[in-house]
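First comes the structure, then the notes that go with it.
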Amino acid sequence: MNLSFSFFNKLGLLTSPLKELKHHNKTHDYSQKICGSDYVFERVNEGRIGYMTGVGNGVKASDRIILRQGSESYQYQIEEIDYYSYPSDMWIALLKQVL
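This is the structure in structure tokens:
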């Protein structure tokens with residue numbers, strides 16, 4: 001049985017229009033924070049990959065992070081992230097540099 005969207009809508013089974021679900025990735029700017037004090041970043045594979053421990057709510061996998069090393073800024077994508085149980089806003093993440 002193939003029932004169309006308009007049929008369900010006329011029956012009142014749909015209360016709002018269908019929306020395409022999208023994950024809106026965020027970019028978190030840590031370039032003004034101090035490495036070793038505000039966060040820890042361990043470079044691996046010449047900096048193309050790294051492990052970062054930081055603090056902040058709402059940081060998710062596939063989000064991006066901007067870090068500064070000297071006068072240069074680098075952007076990384078979060079491949080994996082795990083939050084600590086205490087403090088609950090502290091996390092550790094695997095980052096991959098965006099070229």
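Numbering (full-length UniProt numbering), first residue to last: 1 to 99. A virtual CB, placed ideally from N, CA and C, is assigned to each residue, including glycine. Nothing here was measured: the structure is a model prediction, and the numbers come from that model.
Residue i, buried or exposed, once every other Cβ within 10 Å from all chains shown has been counted against 16
{"i": "GLY58", "result": "exposed"}
{"i": "TYR84", "result": "exposed"}
{"i": "residue 156", "result": "Because the chain spans 1 through 99 in this model, residue 156 falls outside it and cannot be assessed."}
{"i": "TYR30", "result": "buried"}
{"i": "TYR74", "result": "buried"}
{"i": "TYR86", "result": "exposed"}
{"i": "TYR76", "result": "buried"}
Nonlocal neighbours in the same chain, by C-beta distance under 6 Å from residue i, ignoring five residues either side
{"i": "ILE49", "result": "LYS96"}
{"i": "THR53", "result": "VAL40 and ILE92"}
{"i": "ILE81", "result": "ALA61, TRP91 and ALA93"}
N- and C-terminal bounds of the beta strand (DSSP E) containing residue i
{"i": "GLU75", "result": "It should be pointed out that residue 75 corresponds to Gln in this sequence rather than to Glu. Here the beta strand (DSSP E) through GLN75 covers 72 to 83."}
{"i": "GLU42", "result": "40 to 44"}
{"i": "PHE50", "result": "In the sequence as presented, Phe is not what sits at residue 50; that position holds Gly. Run containing GLY50: 49 to 55, per the beta strand (DSSP E) assignment."}
Beta-carbon contacts of residue i that lie in its chain and below 7 Å, excluding the five residues immediately before and after
{"i": "LYS33", "result": "TYR39"}
{"i": "GLY56", "result": "HIS28 and ASP89"}
{"i": "GLU42", "result": "GLY50 and TYR51"}
Bridge partner(s) assigned by DSSP for residue i
{"i": "ASP29", "result": "ILE66"}
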